Amino acid sequence: MKRLLIIVFLLIACSAYASSPYFNAGYSGNYWGDNLVTNPGFETGDLTGWTTSPTDGTASVVTGQAQSETYAVSLATTTGSLGVVQNMSVSEGDELKLSGWTKKGAATNVQLRFYGCTGLDEYYSNTSSTYVQYVYYYTVPAGCSTITVQFRNDYNGTTAYGDSMSVRKKL
Ligand SMILES: [Ca+2]
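Reading the sequence shown from the start, the letters are residues 659 to 829 in my numbering.
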């Protein structure tokens, strides 16, 4: 009976562990904190938390193009660069995991950009018509307190889409 109780306890413990939102199965041993991005998947149905920048075109939140749940951001431009950005506060030494999903729509490509404390730190250009996830890791250097994430369409044809942005600190 005692052995059975131990087994039952272990099964419950393993179940709770596996369903924890802080456990990232792809990186055994690392735990990630809450998502620092406001309205990360545009599920408010609008651009709450996001700022349009650059502004050549129309950024909007649409249905029918989501990577997750209902909404995604649509970046529609025919003349220049268009993006949505969000800043967030960080601290020196924070180890961050950035993740976002993009698909190109009718554009040639769509970018996921990450601005660290010295400007553009990394970007991913996606030419796929289906959603692709990009992941990037960044350790916040001394003197740095703000980083920026962006979905961006650089004047290469009508619509592109982004969804499910996350920035999490390693715990
Ligand atoms: Ca979404």
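Idealized CB from N, CA, C, for every residue including glycine. As the structure is a prediction and not an experimental result, all values here were calculated from the model.
Residue burial classification, residue i (beta-carbon count within 10 angstroms, cutoff 16)
i, result
"Gly774", "buried"
"Ser824", "buried"
"Asn784", "buried"
"Thr716", "exposed"
"Pro799", "exposed"
"Leu778", "exposed"
"Ala764", "exposed"
"Asp812", "buried"
"Ser822", "buried"
"Tyr795", "exposed"
"Thr735", "buried"
"Asp704", "exposed"
"Gly820", "buried"
"Gly738", "exposed"
Nearest-angstrom Cα separation, counted from residue j out to residue i
i, j, result
"Phe700", "Lys828", "24 Å"
"Gln725", "Asp714", "24 Å"
Within the stretch 707–754, ranges of the beta strand (DSSP E) (whole runs, at least 3 residues): 709–713, 716–721, 729–734, 739–747
Distance cut 7 Å, beta-carbon to ligand 1 heavy atom: residue list by chain order: Gly699, Phe700, Glu701, Ala724, Gln725, Ser726, Glu727, Thr728, Tyr729, Ala730, Asp821, Ser822
Secondary structure, alpha helix (DSSP H): runs of 4+ residues fully inside the stretch 748–800: none
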